[in-house]
Structures are given as C-alpha cells and as structure tokens.
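If you're matching positions, the sequence shown starts at 27 in my numbering and goes up one per residue.
Each residue gets a CB set at the ideal place from its N, CA and C atoms; glycine is no exception.
I have placed the structure first, in the form of structure tokens, so that the comments after it can refer back to it.
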Amino acid sequence: MSGPGNSPASAAGREESTFAPIEERRGETDSLVIYGYDSLPGTLRRAIVAHFEEEYGVTVDLQRLGDTGAVYTQLFLERDDPGADVVIGLDSTFLPRLRADRILEPYEPSEISLAREELLVDPQFLAVPFDFGYITLNYDREELASPPGTWNDLLDPSLENSIIMLNPGTSSPGRNFLLFTIAEFGDGTDRLPGRMATLPGGRPADAPRDYLEFWRRLRPNVLTVTGGWSDGYGLYTQGEAPIVVSYETSPAFHRHYEETDRYGAILPDGGAYLQIEIAGIVRGAENRLNAERLIDYILSREFQELIALSQIMYPVHPDVELPEAFKSGPTVERALMLDNDLIAENFSRWLEAWEDVMR
C-alpha cells in the first residue's frame, strides 16, 4: 500500500514517547474507543458493547473507518495524539509498519490459546490474532459451469471481463491476493523466485516468468478493480461478473444464511494465501485497562465462537467447533504466506509495478 508508513525514515529520529507510563494509564475509566474497518459485522460490535456495559459499566465507541488502508492511515496520522485505544482488523502484513511507526504498544494477554502455531503473529505481543482465513477467488456456479482450477486456466481468453479484483493499495484481501501471486510466480529477483521456480523440473514453460507477467496476461479478464471488498463482492453477487477475489470461506455465508450452494471457491493449483487479522492496543491509549480487557475478551472462547458466522472467517481459538456450512468447501492444500519483513521492504515497489501494469 502506498502511504505514509512506507518510508523507511518514517519513524527515524522520532523522539521518545511523551505519553504517561502504561501503569499510570491503567486506572478505571468509563470509556473505550475502538477503530475497525467498515465491514466489521454488527454481531461482533454488539457483543463488545454489551460485554463492556454489563461487566464494567464502560461505554464503547467503535468507529468504522473504511477498509484497512483507511484504518492504518488514520492511526498513522494520529500516532502522536491517538484517538483510539484499540484497533481491530488490520492484517498481519501491517505489523512491520505498525512497529516501525510506533503505533501500537505490547500487551501479553492473560490467557491465549491458538489453533495453529503460525497464528502467533508477534512473540512480543505487539498484536494478537483476531481471526484467520484464506484469500483466493470465488465463482458463481449459475454463471460459470466449469470454473478455472489452475493459474493458467484464469488466463483463458474465454474469461474476458469476468473477474472483479480488489485494489491492493486500499483493500486487505486485495493486498493479500497480490501477495499470493508474488508467492506463486516470484518478483523476478533471486531473493523471491516464487513457488513455480521450485517445482520438479523448474518453472513450467507456459507459466508466467514473474507476477507482473501473470498480471499482464490476466488484465483482459479483469472487469474492474474496486477499492474494497464490500464494493467488489457486492458487484459479484449482483451478477456483474462471475469471479471475484474473496475468502475461501465466503461461500459458507451463502450456505448458512441463504441455504444455497450457488457460490464456490476457486483454489488455483490447490493453493490460497493465509490472512491473519489482528488486534492491538494503540500506543498512548488513554483507557489502557479497558484496552487490555478488550484484547482478553477477543481471545476468549465466548467471543471466538461468534467469529465463524459473523466474520465468515476461522476462529483462532482451538476449541471452537465450526458450523456445518464451513465443512463442505474445498480443502486448501497449500497455504502460502510471505515473510512480513520481506513484504515491508518490497511492497511499495511491488504495488507501483502492479499499478503500471493495470493502468
């Protein structure tokens, strides 16, 4: 994402914190301010509000600021005078910038139990996992009888103007789908040759030589690029195009709430990109004690049991039983995820090159 946090010098030379020490900010207060993205579901918002009102007599102000790009920008602009106590919903690829720009401060939860080892996104607990899922493509079975099953299938001319993409500069799923293609095809450097280059016999002759060639060849099949997931998925369900970037779990929403199998997930060559959404306490949070309480609540089994059917994502708690709607989709055989520091070092370059291709 192009933005203020991408500069290596963005945190350089910054003065030490002028905020009061954490212990001095841990007193009882009657408020809590949370920043989140616009698609944070009402079920989770209501659960948080009710929990804090009933347990602590605390009033919650949960502000939805747009997609993750807008949330991060707001945090960055307010980094010396924060308006929030906690942020929910950025994904783990933001961690290097959150650390470099000194936007969050650590808190080790009173109890944390995770379904998978890799969900522990930061051993210093600058942030904790909130939920996780797999970024891939979804398709409409009524419009597409034979969905593409491989990356090469997606390049077929018969799919001209059939795919809705999400802007990787403003959308978290869009960002991670771009990273998915980089992980698969590489970026043309020796440091990141991509999975294709590691196949037995090397990169297939008909495979794109890097992610940019893939996107050049895919471009005729892209109908539009939307700024966020809500806009893109809305166009998709309205029938504007039969394929959209979304989550492997998105069809579970339609199976559970609409009792339809109309929508399915495409896993190119059996793969998808692991996305971990995070929550963290904002540096200088005035309501530090309530912020800590929220982190603990987010990780509790009580809250995590709401994740699947509200976020349509996977809960991070290992003891939560998944609903039936989540059990009939395809199995992700390969979950890819690039190193966050590698992403932080290169994403501006990757994004600018992608933008040049997609103009």
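{"Item": "Taking N164 as the reference, which of T55, N178, L124, E274 has the closest Cα?", "Value": "E274"}
{"Item": "Does the Cβ-Cβ distance between V386 and Y160 come in under 7 Å?", "Value": "This structure cannot speak to residue 386, because the chain is shown only from 27 to 385."}
{"Item": "Assuming contact is defined by CB atoms lying nearer than 7 Å, are V248 and M339 in contact in what I supplied?", "Value": "no"}
{"Item": "Per DSSP, which one or two residues make a beta bridge with R90?", "Value": "G62"}
{"Item": "Smallest Cα separation from L368: which of P174, G258, R242, S118?", "Value": "S118"}
{"Item": "In chain order, which continuous runs of the beta strand (DSSP E) of length 3 or greater are located wholly inside the stretch 274 to 349?", "Value": "289 to 292, 297 to 308"}
{"Item": "Of the residues A110, P194, R123, R217, which one's Cα is nearest the Cα of E381?", "Value": "P194"}
{"Item": "Per DSSP, what are the beta-bridge partners of I114 in this structure?", "Value": "A305"}
{"Item": "What is the residue span of the beta strand (DSSP E) that I190 lies within?", "Value": "189 to 192"}
{"Item": "Evaluate contact between the stretch 279 to 298 and the stretch 103 to 119, counting only Cβ atoms and requiring at least three cross-stretch pairs below 8 Å.", "Value": "no"}
{"Item": "Relative to the alpha-carbon of N202, which residue among T215, T162, V86 has its alpha-carbon at the smallest distance?", "Value": "T162"}
{"Item": "What is the DSSP secondary structure of E131, counted as helix, strand or coil?", "Value": "strand"}
{"Item": "Return the chain-ordered ranges of every alpha helix (DSSP H) run that is complete within the stretch 157 to 239 and spans a minimum of 4 residues.", "Value": "177 to 180, 198 to 211"}
{"Item": "Rounded to the nearest angstrom, what separates L58 and L244 at their Cα positions?", "Value": "45 Å"}
{"Item": "Does the distance from the C-beta atom of R52 to that of L315 stay below 7 Å?", "Value": "yes"}
{"Item": "Taking a contact to mean a Cβ-Cβ separation below 7 Å, would you say F156 touches E331 in this structure?", "Value": "no"}
{"Item": "Measure the C-alpha to C-alpha separation of M363 and P234 and round it to an integer number of angstroms.", "Value": "20 Å"}
{"Item": "Taking the CB atoms as reference points, tell me whether G212 and D236 lie closer together than 7 Å.", "Value": "yes"}
{"Item": "So which of I321, L300, E210, E137 has the shortest CA-CA distance to P344?", "Value": "E137"}
{"Item": "Take R327 and list the residues in its own chain whose beta-carbon comes closer than 7 Å to its own, dropping the five residues that flank it on each side.", "Value": "H343, D345, V346"}
{"Item": "Would you identify the three-state DSSP class for I138, choosing helix, strand or coil?", "Value": "coil"}
{"Item": "Looking only at its chain, what residues have a beta carbon closer than 6 Å to the beta carbon of V84, apart from the 5 residues adjacent to it on each side?", "Value": "D56, L58, F78, N316"}
{"Item": "Out of D127, W255, A334, V251, which has the shortest C-alpha to C-alpha gap to V383?", "Value": "V251"}
{"Item": "Report yes if the C-beta distance between P122 and S188 is below 7 Å; otherwise report no.", "Value": "no"}
{"Item": "For L170, which residues from the same chain have a beta carbon less than 6 Å from its beta carbon, with the 5 sequence-adjacent residues on both sides left out?", "Value": "P268"}
{"Item": "Distance, Cα to Cα, N372 vs R217?", "Value": "11 Å"}
{"Item": "Kindly give me the distance between the Cβ atoms of L70 and S272, rounded to whole angstroms, as I take these residues to be in contact under 8 Å.", "Value": "Actually they do not touch by this definition, with Cβ atoms about 19 Å apart."}
{"Item": "If you draw a straight line from the C-alpha of R242 to the C-alpha of E80, how long is it?", "Value": "54 Å"}
{"Item": "Since I believe Y63 is in contact with V97 (beta carbons under 8 Å), could you give me their beta-carbon distance rounded to a whole number of angstroms?", "Value": "6 Å"}
{"Item": "Using alpha carbons as the reference points, say which of S198, H282, R309 lies closest to E131.", "Value": "R309"}
{"Item": "Could you work out which residue in R360, A361, I333 is closest to P393 when comparing CA atoms only?", "Value": "Nothing about residue 393 can be read from this structure; the chain reaches only from 27 to 385."}
{"Item": "Please check the pair T263 and S198, which I expect to be a contact at CB under 8 Å, by giving their CB distance rounded to whole angstroms.", "Value": "Not really, about 19 Å apart at Cβ, beyond 8 Å."}
{"Item": "Within 10 angstroms of the Cβ of E318, are there 16 or more other Cβ atoms? Answer buried if so, exposed if not.", "Value": "buried"}
{"Item": "Who are the Cβ neighbours of F151 in its own chain at under 8 Å, not counting the five residues just before and after it?", "Value": "P132, Y133, E134, P135"}
{"Item": "In chain order, what residues of the same chain have a beta carbon less than 6 Å from the beta carbon of A110, not counting five sequence neighbours either side?", "Value": "V59, Y61, V308"}
{"Item": "The alpha helix (DSSP H) spanning L121 covers which residue range?", "Value": "121 to 126"}
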